[in-house]
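Numbering (mature numbering (1 follows the signal peptide of the UniProt record, and there is no 0)), first residue to last: -19 to -1, 1 to 108.
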């Protein structure tokens, strides 16, 4: 999955005369943002499956709260099937970096912390 600026995506969609209505609607439904300093973003996936029902536990993983990772213990790849490691390519760099994780909430969307998609630095202090 990749995140791209919606302004550029709108240019591509509008430039394509034969764009399918379902594809355009899919992009509209995939918008997130905008924030104060950034344009809206769209999370793009390769699939075109628009189902909103939850998958079976054999696909998504079960509730195994008693087996959470602690103190850096290794797990097998399928043990926490809903966990996602997010890879980033910084502007001007070729190599991907991994700095954040997220959780699958369905077959198309990942929930992650806001700072994972923002260049803003958090300011810590008294509240």
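Where is the CB? At the ideal position from N, CA and C, for every residue including glycine. Only a predicted model underlies this, so the values are computations on that prediction, with no experimental measurement involved.
In this chain, residue 59 is not harboured by any beta strand (DSSP E), its DSSP state being neither H nor E. Residue pairing for residue 95: DSSP places it in no beta bridge. In the structure shown, the three-state DSSP call for residue 69 is strand. For residue 84, the three-state secondary structure derived from DSSP is strand. Inclusion of residue 82 and residue 57 in the CB contact set at 8 Å is not warranted, their separation being larger than that value. Closest option to residue 95, judged by alpha-carbon separation, among 55, 71, 61, 67: 67. Judged by beta-carbon spacing, residue 91 lies beyond the 8 Å limit of residue 98, meaning their Cβ atoms are not closer than that value.
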